[in-house]
Each structure stands twice: as C-alpha cells, then as structure tokens.
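Colleague: One structure, as structure tokens, below. Some questions next.
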Amino acid sequence: MSKENQTDEEIIFSYKNGDSDLFKVLIDRYNNSVYNFSVRFVGTNNAPDITQEVFIKIWKNIREFDISKSSFKTWLFIITKNTVIDFLKKKRIINFSELDKIENEYIFSENIRDQNMLPDEILQKLQDINLLNKLLDKLSINYKTILILHYQEEMTFEEIGKVLGKPLNTVKSYHYRAILELRKGIN
Amino acid sequence: MDNNIIKIFNNAKLESKNDLSEKIWRVILLKQKRIYRFKSIIYSLISILSLISFIPLSKILINDFIESGFYEYSMLLFSNTNNLIFYWKELFYSLAESLPALSIVITFTVFLIFFLSLKFTIKQIIKGQLSLLLKI
Numbered sequence: 001m002s003k004e005n006q007t008d009e010e011i012i013f014s015y016k017n018g019d020s021d022l023f024k025v026l027i028d029r030y031n032n033s034v035y036n037f038s039v040r041f042v043g044t045n046n047a048p049d050i051t052q053e054v055f056i057k058i059w060k061n062i063r064e065f066d067i068s069k070s071s072f073k074t075w076l077f078i079i080t081k082n083t084v085i086d087f088l089k090k091k092r093i094i095n096f097s098e099l100d101k102i103e104n105e106y107i108f109s110e111n112i113r114d115q116n117m118l119p120d121e122i123l124q125k126l127q128d129i130n131l132l133n134k135l136l137d138k139l140s141i142n143y144k145t146i147l148i149l150h151y152q153e154e155m156t157f158e159e160i161g162k163v164l165g166k167p168l169n170t171v172k173s174y175h176y177r178a179i180l181e182l183r184k185g186i187n
Numbered sequence: 001m002d003n004n005i006i007k008i009f010n011n012a013k014l015e016s017k018n019d020l021s022e023k024i025w026r027v028i029l030l031k032q033k034r035i036y037r038f039k040s041i042i043y044s045l046i047s048i049l050s051l052i053s054f055i056p057l058s059k060i061l062i063n064d065f066i067e068s069g070f071y072e073y074s075m076l077l078f079s080n081t082n083n084l085i086f087y088w089k090e091l092f093y094s095l096a097e098s099l100p101a102l103s104i105v106i107t108f109t110v111f112l113i114f115f116l117s118l119k120f121t122i123k124q125i126i127k128g129q130l131s132l133l134l135k136i
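Line order of the protein sequences matches chains A and B. End of the first sequence = 187 in this note's numbering, gap-free, step of one. End of the second sequence = 136 in this note's numbering, gap-free, step of one.
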C-alpha cells in the first residue's frame, strides 16, 4: 500500500515505530485544510505562519496522541483552533469573553431539522464564491468554525463539539444560527 | 448532509501556495537535525566525562581491593589446599566482608554510563547523518 493511501492512524502508527518520513504525508494531506481554516481568521499574510506553527505543534506532540480519544483530524483542528485563537488574542483582535458569548443562544433539543434551511434560490446565490466568502467572514468565530468544519472538512457535529469544547446540542444550535445568519446576509 | 451545500462550500475553499507544504517540512527537518546534534553533543560529553573519570576510579578501586585485605585473602585460595578444604567457609566470609562493594558499584555505574552514552551518541549521529543524506 502506498504511503498516500494509508489512513491517518496507519501513518501515525508507522511514524511512532520509526518511519519519520511519513509525517510529510500528513502535512501534504492537511496543509490546505489548515490553511483554509486559518486564513479566514488571521488573513493571507499570517495564515502560512499559523499553518506552519500548527504542524510543528503536531510534530512535537504526535507521540502523545491517543487515537482512542479522537481522530487525528479532530485533534489537528483542536490545535489549529487554539493556535488561531492564541494569535488573535496576542494581536488583541478578540478578547476572552467574546469566545464564550452566548448570543441569546437557544439550545434546541436533539430533533433539530436542518432540511430546507438553505432553499434552492439561496443555494444559487451562494454559488458566487466571493459572496459566500464575504458572508463567512462576517460570522462569529464559533459559527464560522462550525460551517467550515462541517461543510468543507465534512466533520460530524460530535467531532466539531470536541474541537470547540461544546456539547452536541450547542453545536447543533450554533449550526442552525450560523445558517440563519448566512440567509440574513443574502437577504 | 446536503451534497449541494458541501459542493458549494468546497468550491469556496481557499488554497495555500504550492510550496507551503515543502517549506513546513524543511523547517521540521531542520528542527529535527538540531535536536539530533544537541543530543549527540550532550551524550558524547557524558561519555567523555565518564571515560575520564574511569581513570581515577579504577585507581581507587585497586587501592580499595588492596587496603581491605581482599587481595591477601584471595591469595590464600592458591595456598595450602588442605586448609582450604577445612576453612573454606571462613575464607568465603572473609572474602565477602573485605570486598570493596561501594567502589565496585560506583565503578560499574560509571562503566554503564559510558557505554550507554556512547551507544546513544552513535545513534544520534547516525540519525542526523541519515536525515542529512535523505532529505535536505
């Protein structure tokens, strides 16, 4: 099996057993995902440095990574999110209280239906990449994180909950409100 | 998950420059090389210090063997065989009592430190050389 076809877990197992070249495969695999996530919070000038910092942190701590606690991708984005937030705090772009702002949050039960939250006419408008990116930029950190990780990285709400450190229902609620914000932006 | 929404969001994904991945890998390799170099310096210093300390330690050990009487008792092993058969227990206890245990333990420990540090030094040098040959 070629290195590129191995799963994250197989690569990490081989890496821990001495095949240090395999770390490059992980960088190639997730470099764009980490960049895409970071650039939406820190801009194009700082995103390459943040991406580099994330992978250096991963490299330093990969031997302590425990596959039973979360997938590698979840762990990667936990580190990415924390690195981005540390950067934003250092630059005083956000303050600590902003991260935990409830924003009149209403916690839904588990039976949230998100069908038809984005009807076809809205989806048509969102096909304009510039418009979608502008709307994403206007969202808060948590809402933006959920939409990027759910739709661009195809992560489940459970995994996103681990990244954000929030319970599942909160993540679903955030997701619902993020979609509403998108619709508001278009209208 | 709605595939249409996923497609739309994926089209809006922002990509890094082509060489970012290579740049990150080079930075990591340089850090790795620095770690190998640092470790090989530390381990080689430890092995040199342990080798140097081996000289006075072995002198002390030999002195302790002589002063404790162990040398004289051990010479008895090669003397009168008849006496040896009768008094082997007493001779054995005398030998055990006169053994300079502390000096032996310290010398052996330093010996072990020397060999382990030498082994780790060689390992770090090989790892550093391999990474130099294969990657940078």
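By construction, the Cβ of each residue, glycine as well, lies at the ideal position given by its N, Cα and C atoms.
With 8 Å as the threshold, decide whether the Cβ of A/GLU154 is near any Cβ in chain B.
Modeller: Here residue 154 of chain A refers to the residue found at position 154 when the first sequence is read from its first residue. Yes, A/GLU154 lies at the interface with chain B (some Cβ there is under 8 Å from its Cβ).
Colleague: Report the three-state DSSP secondary structure of A/MET155 (helix, strand or coil).
Modeller: The count along the first sequence starts at 1 and reaches residue 155 of chain A at position 155. Correct three-state label for A/MET155: coil.
Colleague: Could you give the uninterrupted runs of the alpha helix (DSSP H) lying entirely in the stretch 59-104 of chain B, keeping only those of 4 residues or more?
Modeller: 70-76, 81-86, 88-98, all fully within the stretch 59-104 of chain B.
Colleague: Pairing CB atoms from the stretch 47-66 of chain B with CB atoms from the stretch 106-113 of chain B, are three or more of them under 8 Å?
Modeller: Cβ pair count under 8 Å is three or more, so yes.
Colleague: Determine the extent of the alpha helix (DSSP H) in which A/PHE55 is found, giving its start and end residues.
Modeller: Taking the first sequence and counting its residues from 1, one reaches residue 55 of chain A at position 55. Looking at the DSSP string, the run of the alpha helix (DSSP H) that includes A/PHE55 is 23-61.
Colleague: Going by C-alpha distance, which of A/ASN61, A/ASN36, A/ASP49 is nearest A/TYR151?
Modeller: Counted from its first residue, the first sequence places residue 151 of chain A at position 151. Ranking the options by Cα distance to A/TYR151, first place goes to A/ASN36.
Colleague: According to the Cβ coordinates, are B/ILE6 and A/GLU154 closer than 8 Å?
Modeller: As a working note, residue 6 of chain B is residue 6 in the second sequence. As a working note, residue 154 of chain A is residue 154 in the first sequence. Yes, Cβ-Cβ distance for B/ILE6 and A/GLU154 is below 8 Å.
Colleague: Apart from the five residues on each side of it in sequence, which residues of its chain come closer than 7 Å, Cβ to Cβ, to A/TYR106?
Modeller: The count along the first sequence starts at 1 and reaches residue 106 of chain A at position 106. Because the pLDDT of A/TYR106 is 48, which lies under 50, any placement of that residue in the model is unreliable, and the number read from its coordinates should be weighed accordingly. The residues are SER173.
Colleague: With a cut-off of 8 Å, do at least 3 Cβ pairs link the stretch 20-35 of chain B to the stretch 133-147 of chain A?
Modeller: Not touching, per the Cβ criterion.
Colleague: Does chain B have any CB closer than 8 Å to the CB of A/ASN111?
Modeller: The residue given as residue 111 of chain A occupies position 111 in the first sequence. With a pLDDT of 43 at A/ASN111, under the threshold of 50, the modelled position of this residue cannot be trusted; read the value that follows with caution. So, not an interface residue.
Colleague: Below 8 Å between beta carbons: does that hold for A/VAL163 and A/PHE87?
Modeller: Looking up residue 163 of chain A in the first sequence gives position 163. Looking up residue 87 of chain A in the first sequence gives position 87. No, they are not a contact pair.
Colleague: Would you grab the beta carbon distance between A/ASN31 and B/SER21 for me? Rounded to a whole angstrom, and I think it's under 8 Å.
Modeller: Here residue 31 of chain A refers to the residue found at position 31 of the first sequence. Here residue 21 of chain B refers to the residue found at position 21 of the second sequence. The pair is a contact, with the Cβ atoms about 4 Å apart (cut-off 8 Å).
Colleague: Which residues, in chain order, does the stretch 11-22 of chain B contribute to contact with chain A at a C-beta distance below 7 Å?
Modeller: Answer in chain order: ASN11, ALA12, LYS13, LEU14, GLU15, SER16, LEU20, SER21.
Colleague: Where does B/LYS17 fall in DSSP's three states?
Modeller: For the purposes of this step, residue 17 of chain B is taken as the residue at position 17 of the second sequence. Correct three-state label for B/LYS17: coil.
Colleague: Just the chain B side, please: which residues come within less than 7 Å of A/LYS24 by C-beta, in chain order?
Modeller: To locate residue 24 of chain A, count along the first sequence from 1; it is residue 24. Chain B residues near A/LYS24: TRP25.
Colleague: Say whether chain B places a C-beta atom closer than 8 Å to the C-beta of A/ILE107.
Modeller: Within the first sequence, numbered from 1, the residue matching residue 107 of chain A stands at position 107. Because the pLDDT of A/ILE107 is 48, which lies under 50, any placement of that residue in the model is unreliable, and the question is left without a value.
Colleague: What three-state label does DSSP hand A/GLN6 in the structure shown?
Modeller: What you label residue 6 of chain A is simply residue 6 of the first sequence in a count that begins at 1. If DSSP states are grouped into helix, strand and coil, A/GLN6 belongs with coil.
Colleague: State the Cα-Cα distance for the pair A/SER68 and A/ILE62, rounded to the nearest angstrom.
Modeller: Your numbering for residue 68 of chain A matches position 68 in the first sequence. Your numbering for residue 62 of chain A matches position 62 in the first sequence. One C-alpha to the other measures close to 14 Å.
Colleague: Classify B/TYR43: buried if its beta carbon has 16 or more other beta carbons within 10 angstroms, exposed otherwise.
Modeller: The residue you call residue 43 of chain B lines up with position 43 of the second sequence. Result: buried.
Colleague: Just to make sure I have the definition right: I need the residues of chain E whose C-beta is within less than 7 Å of the C-beta of B/ILE85. Which are they?
Modeller: This model lacks chain E altogether, as its protein chains are A and B.
Colleague: Is there a Cβ from chain B that is less than 8 Å from the Cβ of A/ILE102?
Modeller: Locating residue 102 of chain A in the first sequence gives position 102, where the first residue counts as 1. Residue placement at A/ILE102 is flagged as unreliable, the pLDDT there being 47, under the threshold of 50; the coordinate-derived value follows with that caveat. No - not a single Cβ of chain B is within 8 Å of the one on A/ILE102.
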